[in-house]
Amino acid sequence: MREAASVKTAWRTKRTPTTLQRTVPKIVVARWMSLTAGAVVLFLIACALVPQWIAPYSPTDMQADRILLPPGSAYWLGTDYFGRDVFSLIVYGARESLFIGFASVLVGGVSGALLGALSGYLGGWVDSVLMRIVDVIMTIPGVLLALAVAAGLGPGLWNIVLAVAIASLPNYARIMRGQILSVKSRPFITASRSIGASELSVFVKHVLPNSLSPLLVMACIGVGTSILTGSGLSFLGLGVLKEIPDWGALLSQGRGYLTVAWWICTFPGMAITLFVLSVNVIGDELRDALDPRKRRE
Amino acid sequence: MAKVIAVRLLSCLAVVAGSSVLVFCILYVLPGDVVMNMIDPSSMSPEAIANLRHELGVDRPFYEQFLHYFREVLRGDFGKSLVNSEPVLPKIFAHLPATLELAISASFVSLTVGLALGVLSAVHRNKPIDIAVRIVALFGISMPTFWSGILLILIFSVFLGWFPAMGSNGWNTLVLPALTLGMLGAGFIVRMVRNSMLEVLGEPFITTLRAKGLAERAVLYRHALRNALIPGVTMMGILAGEMLAGTVVIETVFSRQGIGRIIADAIMAKDLPVVQGVVLFTAIVYVIVNALVDISYAYIDPRIRRLHNDRRSGWA
């Protein structure tokens, strides 16, 4: 008790905190958040890869005697109207949900970055034409574009991936172009040209690697955005109806039971939120780490 | 100023023309047979399918289809529904008020909450209040709106019974959807305002103001916030896009009769011309909003105005 009291008075006296006192809580808080975020992402990736090791029940096991049970010790997150365990459904649903997120970032990010790199490096009419196309794609808000593409392609996992990828492509192209433009005018590029390096090797060895860091941050946050868009599409009914639904579809199915079983909707949405939140935290951290201005602080 | 507006409007026209090409391409050029996606092939005879193809014009060569589409759009005909041959444009206008109501009130929520929390967070940098605000903002941008909407329904309609869960008449049906969409926008704005406030607060002119003994309140609100808000105007354009796209999900969750709902229903009914029409309409609205944002940008920031004036006088 005495100790607590003395801590209290020490807190009250207005003394300028030492550098250690100022920075330690800051670092603990910052690291605490990104460590938790990393753990959540790893856990959900594990769910996607080896759901059978994590889920306590089979996601397709329907039991008439456990319909719409609320969360409890046997069924942690309750059961749905077919008597399936909601926790197991979420664990198995991770595969498809995360696949949409990662695959669409890969497809959209790589093709967008290539377009942007070409545009920025070649300049001239190639740049003008490519950037006008990007401008036009950007006139349609991302989610709506993905929706239209998915509607045109029809339902299907890869179609959703493609739709989300097309919608995210312009952002990557723009960032990459800006990076290339700023890197290619730097002195070390002129230097490597002047010692006789070929155009291709200058581009591949020097321009490209030095332009990638903001793209990395964008791709990281993009995984979250893509999962939001993808699960939104499947919530609206553009996904594939399968035995094991992804998180968006699971949530959409649970909507009809909102008044009798709140848990069917609540937990899949929580899974989406946790994953996107974690990816955003990691992206912010990555951005700060890569930003020389922030590093100096 | 007149020149800024004229140039912006011209490029606006070009971009709208471009987006109509894009919208056309999305539904007609992408792999996947439009007609086969629309119908159940087993339920129709081959002749009926051929007839439908002819009716839609998809049996004609691509450039012919495109020219036809473009001509119709210029005439103000955005296509007809395949389900009941209802023209799309009048339908959009009939549903527009509900969507505008939602978008405007949600923008209001985003702006007030976002600005207040963003300034609060920047001023109390790295204090508990800043950390709390940043976590709240992270939740705002990370929650899928279809989930946060359902949570609000659960809490305020099912458990507390304060607001109706669905419908689109009366202010009390607007509260929950506006909050749902507003939370998303507020999350974005908090992060933006915080960053740009911190940037401005680190600039030399702030030190000068403090050195001359100006009250901290005046430094913050009269000088720092004003300068921090300049990038915020571009944010309005992005926000408008989020709001327009967000209505599709929100109007489905809350069963509101808006244009977002038209497109969601059209997707379920595989009514592609309606999807096409609504997307094109939204793109046009979005382009106009962004042009207005650009123009107001020049109006607010004297540096940009001067840039245009210099160009006119042959300086740049």
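The listed protein sequences correspond, in order, to chains B and X. For the first sequence, our numbering gives the first residue as 1, with consecutive numbering after it. For the second sequence, our numbering gives the first residue as 298, with consecutive numbering after it. A virtual CB, placed ideally from N, CA and C, is assigned to each residue, including glycine.
Chain-order list of residues whose beta-carbon lies under 7 Å from that of residue i (same chain, five-residue window excluded)
i: R34(B); result: Looking at the sequence provided, one finds Ser at residue 34(B) rather than Arg. Contacts found: V281, I282, E285.
i: W612(X); result: Residue confidence for W612(X) is low, a pLDDT of 36 falling below 50, so the modelled location carries little weight; the figure read from the coordinates is stated next. There are no such residues.
i: L412(X); result: I486, V490
i: D61(B); result: R84
i: V207(B); result: Y121, I180, V183, K184, I189
i: R193(B); result: V202
i: V240(B); result: P155, G156, L157
i: N469(X); result: F460, P461
i: A515(X); result: none
i: V416(X); result: V490, M494, L522
Contacts around residue i, its chain only, beta-carbon distance under 6 Å, and the 5 residues preceding and following it disregarded
i: G109(B); result: Y172, A219
i: A525(X); result: S493, M494, V497
i: S234(B); result: D246, G248, A249
i: A167(B); result: G142, L145, A146
i: P474(X); result: L399, I547, F551
i: L414(X); result: V430, V487
i: A94(B); result: L44, C47, A48
i: L98(B); result: A48
i: S226(B); result: G101, S104, V105, V164
Own chain partners of residue i with C-beta closer than 8 Å, once the 5 adjacent residues on each side are dropped
i: G228(B); result: One detail in the question is off: residue 228(B) reads as Leu in this sequence, not Gly. Closer than 8 Å at the Cβ level, and outside the excluded window around L228(B), lie I272, V276.
i: T549(X); result: F443, G557, R558, A561
i: D356(X); result: A347, R350
i: D65(B); result: G83
Closest by C-alpha distance to residue i, when choosing among the options
i: L69(B); options: S128(B), D80(B), I90(B); result: D80(B)
i: T442(X); options: M540(X), V430(X), H520(X); result: M540(X)
i: N210(B); options: L162(B), K184(B), C47(B), S128(B); result: K184(B)
i: I389(X); options: L569(X), I428(X), I556(X); result: I556(X)
i: G154(B); options: D568(X), D356(X), R514(X), A299(X); result: D568(X)
i: L236(B); options: P71(B), L114(B), R255(B), G38(B); result: R255(B)
i: V279(B); options: V313(X), F436(X), L448(X), Q573(X); result: F436(X)
i: V385(X); options: H392(X), L306(X), F375(X); result: F375(X)
i: S73(B); options: L238(B), A289(B), P56(B), D65(B); result: P56(B)
i: F619(X); options: I438(X), L476(X), V312(X), S439(X); result: Because residue 619(X) is not part of the residues shown, which for chain X are 298 to 613, the question remains open.
i: G224(B); options: F102(B), V161(B), Y121(B); result: F102(B)
i: T36(B); options: V105(B), L274(B), I195(B); result: L274(B)
i: A117(B); options: W76(B), E96(B), P170(B), N159(B); result: P170(B)
i: L379(X); options: V571(X), F578(X), A595(X); result: V571(X)
i: A289(B); options: G232(B), G230(B), V217(B); result: V217(B)
i: N381(X); options: V582(X), A563(X), Y583(X), R553(X); result: A563(X)
i: S445(X); options: G543(X), A515(X), R519(X); result: G543(X)
i: V575(X); options: L457(X), L393(X), I450(X); result: L393(X)
i: Y92(B); options: S119(B), P51(B), S111(B); result: P51(B)
i: R174(B); options: I140(B), L215(B), A163(B); result: L215(B)
i: L451(X); options: S58(B), I221(B), T259(B), D127(B); result: T259(B)
i: L54(B); options: W76(B), A64(B), R66(B), Q63(B); result: In the sequence as displayed, the identity of residue 54(B) is Ile instead of Leu. That would be W76(B), whose Cα lies nearest to the Cα of I54(B).
i: T139(B); options: V320(X), S593(X), I597(X), E513(X); result: V320(X)
i: R287(B); options: G78(B), S213(B), P71(B); result: S213(B)
i: S439(X); options: G152(B), S231(B), I160(B), Q63(B); result: S231(B)
Neighbour flag for residue i against chain A, beta carbons, 8 Å
i: W125(B); result: This model lacks chain A altogether, as its protein chains are B and X.
In chain order, each alpha helix (DSSP H) run of at least 4 residues that lies wholly inside the stretch 179-241 of chain B: 187-194, 213-235
Residues from the stretch 216-237 of chain B in contact with chain X, defined by Cβ distance under 8 Å: G224, L228, S231, G232, F235, L236, G237
Inter-stretch contact (C-beta, 8 Å, three-pair minimum) for the stretch 396-411 of chain X and the stretch 469-483 of chain X: yes
The stretch 192-207 of chain B contacting the stretch 130-145 of chain B, beta-carbon criterion three pairs below 8 Å: no
Any 3 or more C-beta pairs closer than 8 Å across the stretch 448-465 of chain X and the stretch 501-519 of chain X: no
Residue ranges of each beta strand (DSSP E) within the stretch 481-540 of chain X, 3 or longer: none
Short-range partners of chain B found in the stretch 572-585 of chain X, where Cβ spacing is below 8 Å: If the cut-off is 8 Å between Cβ atoms, the stretch 572-585 of chain X has V572, Q573, V576, T579, A580, Y583, V584 near chain B.
Residues in the stretch 253-285 of chain B having any Cβ partner in chain X nearer than 9 Å: G254, R255, L258, T259, W262, C265, T266, P268, G269, M270, I272, T273, L274, F275, V276, L277, S278, V279, N280, V281, D284
Chain X contacts made by the stretch 197-218 of chain B, where a contact means CB separation under 9 Å: none
Three-pair Cβ contact test at 8 Å for the stretch 257-267 of chain B versus the stretch 85-98 of chain B: yes
Residues of the stretch 380-404 of chain X with Cβ closer than 9 Å to any Cβ of chain B, in chain order: none
Any 3 or more C-beta pairs closer than 8 Å across the stretch 360-367 of chain X and the stretch 527-534 of chain X: no
Any alpha helix (DSSP H) of 4 or more consecutive residues that is wholly inside the stretch 105-189 of chain B: For the stretch 105-189 of chain B, whole alpha helix (DSSP H) runs of length 4 or above, ordered along the chain, are 124-137, 142-153, 157-184.
Validate contact between the stretch 573-591 of chain X and the stretch 303-323 of chain X using beta carbons, cut 8 Å, 3 pairs: Result yes; three or more Cβ-Cβ pairs closer than 8 Å.
Cβ-based contacts, 8 Å cut-off: residues of the stretch 488-505 of chain X near chain B: none
Residues within the stretch 145-165 of chain B neighbouring chain X, beta-carbon criterion of under 7 Å: L147, A148, V149, A151, G152, L153, G154
Chain X contacts made by the stretch 30-52 of chain B, where a contact means CB separation under 7 Å: none
Interface residues of the stretch 461-492 of chain X facing chain B [CB-CB below 7 Å]: none
The stretch 440-451 of chain X: positions lying closer than 9 Å to chain B by Cβ: Residues M440, P441, T442, F443, W444, S445, I447, L448, I450, L451.
Interface residues of the stretch 305-316 of chain X facing chain B [CB-CB below 8 Å]: V312, V313, G315, S316
Completely contained alpha helix (DSSP H) runs for the stretch 440-467 of chain X, where each covers 4 or more residues: 442-449
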